[in-house]
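Going by the numbering used here, the letters in the sequence shown line up with residues 201 to 603, in that order. Ideal placement from N, C-alpha and C gives every residue a C-beta, glycine not left out. Computed from a predicted structure; not experimentally measured. Before any comments, here is the structure.
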Amino acid sequence: MTYILVINAGSSSLKYQLIDIDEEKIIAKGICERIGIAKSVLCYKPENGEQFEAEKPMKTHEDAIKLVLDVLTDKKIGVIEDMSCISAVGHRVLHGGEKYSAPVLIDDQVLEAIEECIPLGPLHNPANLMGIRGCMAAMPGVPMVAVFDTAWGQTMPKKAYMYALPYEAYTEHKVRRYGFHGTSHRYVSGRAIKKLEALGMKKEDTRVITCHLGNGSSLSAVKGGKCVDTSMGLTPLEGVPMGTRCGSIDPAIMPYLMGRTGMSAQEMDTYMNKKSGMLGLSGVSSDFRDLAAATKAGNERAALARELFCYKVKQYIGAYAASLGGVDAIVLTAGVGENDPFIREMILEGLEYLGMDMDYDYNKSCPRGKEVEISKPTSKVHVYVIPTDEEMTIAHDTAALAL
Ligand code: ADP
């Protein structure tokens with residue numbers, strides 16, 4: 201048995217999964233919350249046991265990781281004998297700039313590069329670094345791998361990643377499209393390509409559009425297994441509207457609203473990232489389940505939010521079909537894509553001209569949590585629902601580099 205610990209560190213939280221990579225199984229998972237704040241909580245769920253939750257002091261990410269190791273090795277509720285059972289640690293890292301187009305074994309140079317990318321990921325990169333340094337202190341000598349969210353977008357051609365701003369914005373300030381959700385797009389497009397290969401296609405000929413639709417949402421155009429375009433940009437704000445993010449808007453709205461309301465640049469940033477999207481439009485919630493309930497109860501703004509979301513996703517699918525010169529498969533994934541058949545139908549209806557023939561009854565009745573095809577077997581374009589698995593992908597990347 202080979203165990204890999206996968207860590208996703210936020211500024212005050214640390215999510216973890218212990219994965220048996222040989223069996224491709226999650227052995228235990230959980231989250232530490234309110235790190236550095238009063239009343240920190242450790243949550244732990246072993247594969248075959250009860251969920252355990254306890255208030256424990258955690259001043260730093262190092263304290264949190266030590267508590268995670270304690271509970272994983274606990275005589276009563278633990279799942280491993282001791283820390284030496286963990287062969288390697290994989291860290292999700294938000295921003296690797298233009299330096300990393302693939303996962304990398306962490307050394308001093310990598311730490312420096314993640315630090316250099318802090319201006320590009322000011323909230324996430326410092327948190328990711330705290331997670332890495334905390335693990336290094338608690339688990340000396342254990343190899344660690346960084347898997348970057350931005351790595352996937354590094355294969356985009358220049359015409360796709362450049363903005364039509366003065367060129368110096370790119371050379372002097374690194375302003376370009378990077379794209380995010382990379383691990384998810386890579387995983388689900390890889391699964392779709394395997395299915396197309398089984399149908400007789402060559403990988404290099406495949407044209408796939410992946411739609412990661414969750415609280416944050418993005419799409420990616422994938423040719424021959426490589427990303428040729430993706431909807432998020434310099435930051436995760438660009439692209440389709442999301443739970444609380446506005447997605448692409450006329451950039452002149454910002455100075456216009458700032459002038460009229462007196463909002464600062466920082467306040468404008470919060471307005472677009474935290475108060476907009478489904479939440480701002482509906483005034484109800486950022487959660488698609490709440491929007492569905494409100495729509496049913498006759499709330500017109502909730503209905504508008506859902507319609508607008510689906511319309512924008514549909515437009516991106518059309519745009520990416522144009523970028524790819526046609527499409528062989530469309531993949532829907534993440535919280536909304538995997539669970540909301542009504543949103544899927546609203547997105548896909550009217551796209552038949554691309555060559556798809558949908559089975560909307562099966563779209564409604566298909567099992568959740570499984571890979572399914574919701575287009576008819578005769579459809580030229582295959583439409584798949586594929587549950588994303590970022591942690592397992594990070595564990596595989598980690599094993600490939602560290603073992
Ligand atoms: P994140 O972007 O935070 O990783 P997820 O991929 O977990 O998000 O997606 C979370 C979103 O998925 C929630 O905001 C919710 O709107 C949506 N969601 C989850 N389950 C359902 C469901 N059964 N029906 C509709 N939407 C759902």
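Counterpart residues of residue 354 in DSSP-defined beta bridges: Answer is none; residue 354 lacks a bridge partner.
Integer Cβ distance of residue 219 from residue 206, believed to fall under 8 Å: 6 Å
Residue ranges of each alpha helix (DSSP H) within the region 269-298, 4 or longer: none
Cutoff 8 Å: residue 430 Cβ touching any chain C Cβ: Here there is only one protein chain, and chain C is not present.
Exposed unless 16 or more other CB atoms sit within 10 angstroms - verdict on residue 231: buried
Extent of the continuous beta strand (DSSP E) to which residue 378 belongs: Residue 378 -> no beta strand (DSSP E), and no H or E assigned at all.
Length at least 3, wholly inside the region 427-467: the beta strand (DSSP E) runs in chain order: none
beta-carbon residue 416 near the ligand ADP non-hydrogen atom, thresh 7 Å: yes
Per DSSP, cross-strand counterpart(s) of residue 420: 410 and 430
Residue burial classification, residue 399 (beta-carbon count within 10 angstroms, cutoff 16): exposed
Closest residue to residue 594 among 333, 387 and 434 (Cα-Cα distance): 387
Nearest residue (CA-CA) to residue 332, options 353, 355 and 307: 307
The alpha helix (DSSP H) enclosing residue 325, as first and last residue numbers: 324-338
Rounded straight-line distance, which links the Cα of residue 586 to that of residue 413: 12 Å
CB contact flag (residue 444, residue 486, <8 Å): yes
Contact test: residue 489 Cβ vs the ligand ADP heavy atom, cutoff 7 Å: yes
Given 8 Å, three or more beta-carbon pairs between the region 411-427 and the region 451-471: no
C-alpha distance - residue 247 paired with residue 281, whole-angstrom precision: 15 Å
Boundaries of the beta strand (DSSP E) in which residue 346 is found, first to last residue: 344-348
6 Å Cβ shell around residue 408 - same chain, five flanking residues per side excluded: 389, 392, 422 and 529
Span separating the alpha-carbon of residue 338 from that of residue 496: 51 Å
Segment limits, beta strand (DSSP E) that includes residue 219: 214-220
Close-in-space but distant-in-sequence residues of the same chain around residue 569 (CB under 8 Å, 5 per side omitted): 538 and 587
Segment contact, 8 Å Cβ cut-off, at least three pairs: the region 466-482 with the region 431-447: yes
beta-carbon residue 602 near the ligand ADP non-hydrogen atom, thresh 7 Å: no
C-beta atoms of residue 301 and residue 351 nearer than 8 Å: yes
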